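Residue numbers (my numbering), protein chains in the order written: chain A, -3 to 331; chain B, 56 to 633.
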């Protein structure tokens, strides 16, 4: 396979760090363009909850101080950069005084688990079905069934989730309605807990898979048609290779390459989760956290979640850049 | 002994507009060890017939009548085999060497793996050592070093090497028959000779029959024993090469032979036409290159060169060379698509790469281009009228719809197309030759001062080449347009041009009037180019495989002395290296 040159590695690493830096800066600037003052929002929430507020000016000043809002902009920015790079996103304004980092820390594993599994399942199923739509040896029945199944792609994930909930949770009672694990199990690395998590995760995962596999299948279909017309596919047949071998080693192997890049880009979006899917299944992941934070105008949480999303995207792209030369030898030539 | 027998085969393609009879009643047999050439233009059914023997017709084509017998399978008709039985025939009995050398190998697999998978598919479990031994032998057989080439990926090979790998794959199971589908059409003449000689050598060694599909009568004359001439799906003439070349009976065969332009042969142009003076200001040259060079990273595509084309009297300047010689780089520099690394390209005294928008617009009108691929030059969503009309109106030449219409019709007639048959059509409804002529017509409508034609005829059938070149030549005589003709084809350059520059690795190695440079080459590289052309004359020796290899070694010598040999000049054009 040959080694990846150091210059290529450094190049990609610098790109990665620059992306993260620029993204962090943008995340800092954009909320400051908003006319909403988070401290006012907090005060408003307190007022709504606890009736009258004594010496509100003092509280305001103190809050502004604790969030560092009384400092000059540049100091705020540098302080923010330092904190962000150490994953210190400050305190949530909605669930004050919980640190944003611990909110994210609690939500991230759930989202990663749910989304990563459904993304991989979707990627495999979608690409395989897309390839089968083109392959000349696919049974006729499949060639009819696969495009028909694509109808699901047109359903919004929200709706498919509700549909699945109705059929499998409410009517058939095969799966629990909401939540990430049952109330009767203690979180921990034991068998009961894992089974409970898988049981609870099945419906949300399925609702994501059935609405997103079409994206991969359609993309793969187009790529496969191109590859099918390539001279190397013709020569493979003329060599008398077995049809399945041609399908995997000549056709899918080449058609999948652009899909791998698309996969990396999806990983970033995956951290944000299917916001609505998490919402309706009351799944305690990043999507739900972000959804609630937006409703509550909880800026530190929004900032923290946005940063994690960008970090994950940049990281995924960086990793794919590293893996890509191993799966496509032509890339090595260019570096 | 007969290896393959094709009996009364007809092939049909059912389409929505009725059945197309691609091949009608073709009968032919291929004896062991003999080389048969299938020649004809595109659409003649030569490839279709050969693919029928592989049972690899593109959908919806099918063999509607006839039988194909492979001797080593006894009396069985291979058209009656099931898919699995047919799979076992491919490569083991009938090997196929494809046309697109550039893209025939799986880009993500090492070369030797692509030989191994063929062996495994037919012989099942074979030990690693045995696979290695056989792939090494196959690569050695085509003159490639297995210890290096075997471990490489396809993109690390040159076009000629890739095609030799395809030959190695084809012969690794000692097939009865090799079908080679225009195996050298993507290669330059020097590489073509090497690959063709290699193919003949390995075919003779294993004693297989060979079907060589092609459209070049010269290549056929030098490569095969018998020639089958196909026209519109029918076998119009079949016989030994000598008889076909020296005493063709069918008029179509005669036409194919005469369509090969020969160096020193009769011109297909009308020599009496006198060029019309372009007029204009002769003090500022039309096109001037001052010390222009181009580097891509560490690679120098074009070494510094200067020339001056006055343009007062229109001329055709040919730039000839192999792929990678820098000839297309020159074209894109002159069109202002690329910035030169050093020096400047001046059109009427203005640097073409540094122009204001208004100057650029005038430049685009005055300098038109014709490119190689007539299929890629049209937007498939518009009727061809759009391609003709749009620039004409955009440059403000139109005086109204009727005027535009008349101009379009005149331009079509000027390139020998009947306006009613081509206008209002979509590009895919026209043939490659019609499209390329429309591109010339489009350029003509703008009455440019300079035309840059980059391989304008390399993708059209031989019989049309002469017509299109004649169209281009007429632009000079009748419309006073100077032309830069970029090509790898020395014979056409010989006929159309007033001055020829031979480019090799970015250097001009020989330059002068075509009668001198191509008719009587002095530089080693030009001589090699001329020697490598396959002539449709049997007594003219094309050399052996060893000659072809020796020729490649000679090129290394040229690398050390890239001096220009000047062979005289023509008025109005000055060339200097540096």
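For each residue, glycine too, the CB sits at the ideal point set by N, CA and C. Bear in mind that the values here come from a model prediction, so they are computed numbers and not experimental data.
Out of curiosity, what's the CA-to-CA distance linking residue 604/B and residue 319/A?
41 Å
Taking DSSP's pairing of strands, which residues face residue 593/B in a bridge?
Its beta-bridge partners do not exist; DSSP assigns none.
Quick one, which of 223/B, 214/B and 215/B has its alpha-carbon nearest residue 205/B's?
223/B
Hey, could you find the ends of the beta strand (DSSP E) residue 117/B is sitting in?
117 to 125
Inter-residue Cα distance where the pair is residue 188/B and residue 310/B
48 Å
Tell me the DSSP bridge mates of residue 128/B?
According to DSSP, residue 128/B bridges with nothing at all.
Contact between the segment 292 to 311 of chain A and the segment 84 to 101 of chain A is defined here as three or more beta-carbon pairs at a separation below 8 Å; is this criterion met?
yes
Does residue 217/B pass the burial test, meaning 16 or more other C-beta atoms within 10 Å, or should it be called exposed?
buried
Can you tell me which of the three DSSP states residue 634/B falls into?
Residue 634/B is absent from the structure shown; chain B starts at 56 and stops at 633.
Only counting the same chain, and skipping five residues up and downstream in sequence, which positions put a Cβ closer than 8 Å to that of residue 588/B?
244, 273, 318, 545 and 546
Strictly below 9 Å CB to CB, what residues from chain D border residue 186/B?
Of the protein chains in the structure, A and B, none is chain D.
Contact criterion: CB-CB distance below 8 Å. Does residue 293/B meet it with respect to chain A?
no
Under 8 Å between the Cβ atoms of residue 249/A and residue 163/B?
yes
Listed by chain order, chain A residues near residue 146/B by CB distance under 9 Å
234, 235, 236 and 237
Would you please state the rounded distance, in angstroms, between the beta carbons of residue 255/A and residue 212/A? I believe it to be under 8 Å.
7 Å
Which same chain residues, not among the five before or five after residue 139/B, have their C-beta less than 6 Å away from its C-beta?
none
From the DSSP output, read off the bridge partner residues of residue 247/A.
DSSP, once it has assigned bridges, lists no residue as partnering residue 247/A.
Tell me which same chain residues have a C-beta within less than 7 Å of the C-beta of residue 138/A, skipping the five on either side of it?
128
Distance, Cα to Cα, residue 593/B vs residue 302/B?
12 Å
Can you tell me whether DSSP reads residue 259/A as helix, strand or coil?
helix
Note down, in chain order, every chain B residue with its Cβ under 7 Å from the Cβ of residue 183/A.
Ordered by position in chain B, no residue passes the 7 Å Cβ test against residue 183/A, which lies about 44 Å from the chain.
Identity of the residues DSSP links to residue 236/B by a beta bridge
268/B
Sufficient close CB pairs (3 or more, under 8 Å) joining the segment 365 to 378 of chain B to the segment 530 to 542 of chain B
yes
Counting only C-beta atoms, is residue 7/A closer than 8 Å to chain B at any point?
no
Cutoff 8 Å; reference residue 405/B; Cβ partners in own chain excluding five residues on either side:
414 and 418
At a CB distance below 9 Å, what residues from the segment 571 to 596 of chain B approach chain A? Give them in sequence order.
none
Can you look up residue 109/A in the DSSP assignment and give me helix, strand or coil?
helix
Say whether chain B places a C-beta atom closer than 8 Å to the C-beta of residue 249/A.
yes
Taking Cβ-Cβ distances shorter than 8 Å, what residues in chain B pair up with residue 311/A?
What residue 311/A touches in chain B: nothing, since even the nearest Cβ is about 26 Å away.
Residues of its chain near residue 382/B, where Cβ-Cβ distance is below 6 Å and the 5 sequence neighbours each way are ignored
374, 376, 541 and 558
Grab the span of the beta strand (DSSP E) containing residue 78/A for me, first residue to last.
No beta strand (DSSP E) contains residue 78/A, which is instead part of the alpha helix (DSSP H) from 69 to 81.
Minimum C-alpha distance to residue 133/A - residue among 172/A, 121/A, 238/A and 225/A
238/A
Partner residues on chain A for residue 160/B, Cβ-Cβ distance less than 9 Å:
227, 228 and 231
Proximity of residue 228/B and residue 168/B at Cβ, strictly below 8 Å
no
By DSSP, does residue 562/B sit in helix, in strand, or in coil?
strand
Pairing CB atoms from the segment 228 to 238 of chain B with CB atoms from the segment 198 to 212 of chain B, are three or more of them under 8 Å?
no
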